[in-house]
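Residue numbers 316 to 396, in our numbering, belong to the letters of the sequence shown in order.
Notes follow the structure.
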Amino acid sequence: MSSRQPCGSNQKWADAHYGLGATWYDLHDQAAALKELRTALDLDPSSAGAHRLLARIYLQQNDPSAAEREFTASATIEALC
316 MSSRQPCGSN QKWADAHYGL GATWYDLHDQ AAALKELRTA LDLDPSSAGA
366 HRLLARIYLQ QNDPSAAERE FTASATIEAL C
């Protein structure tokens with residue numbers, strides 16, 4: 316028996332964490348938003364939306380190199396879809 320999960324099985328959990336991250340962002344709690352968005356990306360690294368929202372947060376935190384990294388990841392993922 317394989318310990319691997321079927322492809323996409325974490326998608327619903329990634330979406331849930333992305334939603335929580337977006338909610339925390341809207342409530343101006345960047346620390347909680349970052350935690351949820353990072354969890355979303357751990358579960359689904361191909362979430363362009365999570366990368367894009369992380370980039371916005373990093374820009375607001377005056378971390379342009381991290382923002383650029385996340386915007387680039389988002390754009391790359393979107394180009395592949």
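Glycine included, C-beta positions come from ideal geometry on N, C-alpha and C.
These numbers were taken from a predicted model, which means no experiment stands behind them.
Cα-Cα separation between residue i and residue j, rounded to whole angstroms
i, j, result
"Ala388", "Lys327", "21 Å"
"Gln345", "Gly364", "16 Å"
"Thr390", "Ala381", "First, the amino acid is wrong: residue 390 is Ala here, not Thr. Approximately 14 Å, taken between the alpha carbons."
"Phe386", "Leu342", "22 Å"
"Leu335", "His366", "14 Å"
"Ile392", "Arg384", "12 Å"
"Ala370", "Asn325", "23 Å"
"Asp330", "Ile372", "18 Å"
Same chain, Cβ closer than 6 Å to residue i, five either side skipped, listed in chain order
i, result
"Cys322", "Low per-residue confidence applies at Cys322: pLDDT is 49, beneath 50, and the placement is therefore not dependable enough to give any value."
Contact set for residue i: own chain, Cβ-Cβ below 7 Å, skip 5 residues either direction
i, result
"Asp378", "none"
"Ser361", "Ile392"
"Leu358", "Asn325, Trp328, Ala329 and His332"
Cutoff 8 Å; reference residue i; Cβ partners in own chain excluding five residues on either side
i, result
"Cys396", "Ala363"
Integer-rounded CB distance, given that residue j should sit under 8 Å from residue i
i, j, result
"Ala355", "Tyr333", "4 Å"
"Ala337", "Leu368", "6 Å"
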